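Residues 53 to 364, numbered by the working numbering, are exactly what the sequence shown covers, in order. The C-beta atom is built at its ideal place from N, Cα and C for all residues, glycine as well. None of these values were measured; they are calculated from a predicted model. First comes the structure, then the notes that go with it.
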Amino acid sequence: MPRLSATSSALNCTPLTLLPEYWDNVFELFLAEYKAGRTPNPDILCNKEIKFKAFLEFAAEDLGADYIATGHYVRRADVDGKSRLLRGLDSNKDQSYFLYTLSHEQIAQSLFPVGELENRRCVRLLKILVWSPRRKKTLPAFASLANVNSASSWAVISRRNRAKSLPVDGDEIGEHQGLMYHTLGQRKGLGIGGTKEGTEEPWYVVDKDVENNILVVAQGHEHPRLMSVGLIAQQLHWVDREPFTGTMRCTVKTRYRQTDIPCTVKALDDDRIEVIFDEPVAAVTPGQSAVFYNGEVCLGGGIIEQRLPLPV
């Protein structure tokens, strides 16, 4: 596709392999986080370490480029000498959640042409200018390591110990294949049928006891054990790179394509914040990212260190 696009636009195409950087800075960290029982987001890591670091440096230093252009559905706005990251015009395709680690300097060196367009218009333009796209599912950036059998890799590293699946208030009801294969809020793949004392509602993962290798499950997608009143986040990245102190009102997403959640953010120290939601939220997952917004502007975010469970 890149070579075809370059040929159609009379541009030179310079192949670049960044697999070693991807392996060292994305994939190994991804595996380590899963082994620790957390659920990382490799797409965010890839943007942080590869596309807007290794590739951006290559473009500037080796090619002498002033900008890189990517196909991310986001927008850029320059205000008071700093570049801001804005949501993409097409809300169904907005990808600002995946780019919250970028600094205003990195954004200033980047162009996001499709962020100003609706997806349908992009497809029409591609048909006219370059190629005829077929209907297909959107693939995550992690697919760039398609030749790596992820499940096999995890199994080797974790030794795939079979262990208990326990309901929140009962006895063992099954076995899981490894905590790394499950995430909070997960419904499918638990291998749990009905129980004598249970209801007909489906089972969900509500907690993971990493120390004892126990998967905790409960019935119902609004079970109290699945709900959180807030979270603690660390490894903070603010787009303007200004230190955050005090408190602020904004909205947050704890996963991609989630409806914005009104919240209050309080600084705990230089690299940790407490986030309190206006209403309880389901399936807040340690290892995932909490990304903050002020209207259309993406302010930044951090890694969810722990969730603050709903008192029961």
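In the three-state reduction of the DSSP assignment, PRO276 falls in the helix class. Listed in chain order, the non-local C-beta contacts of CYS315 below 7 angstroms within the same chain comprise CYS302, THR303, VAL304, VAL327, ILE328, PHE329 and ASP330, local neighbours out to five positions each way being set aside. Annotated three-state conformation of TYR86 is helix, per DSSP.
For the pair LEU278 and VAL258, the CB atoms are nearer than the 8 angstroms cut-off. In this structure the region 254 to 269 does not touch the region 112 to 122; the number of beta carbon pairs closer than 8 angstroms is below three. When Cβ pairs closer than 8 angstroms are counted between the two stretches, the region 166 to 175 is seen not to touch the region 307 to 325, the count staying below three. Going by DSSP, ASP95 is part of the alpha helix (DSSP H) stretching over 94 to 98. An exposed status is given to GLY243, since fewer than 16 other beta-carbon atoms sit within 10 Å of its beta-carbon. Less than 8 angstroms divides the Cβ of GLY298 from the Cβ of ALA319. Bounds of the alpha helix (DSSP H) holding ALA111 are 107 to 113.
Rounded to whole angstroms, ASN265 and VAL343 show a C-alpha spacing of 30 angstroms. Distance from the CA of PRO332 to the CA of HIS234, rounded to the nearest whole angstrom, comes to 22 angstroms.
The beta carbon of ASN346 lies closer than 7 angstroms to those of CYS302 in the same chain, with the five residues before and after it left out.
Checking the DSSP bridge columns, you'll see ASN346 partnered with VAL349. Comparing C-alpha distances from PRO94 to each of ALA111, ASP76, LEU267 and ASP146 shows the shortest one belongs to ASP76. For LEU115, the closest of PRO67, THR306 and TYR308 by C-alpha to C-alpha distance is PRO67.
Under DSSP, CYS315 shares a beta bridge with CYS302 and PHE329.
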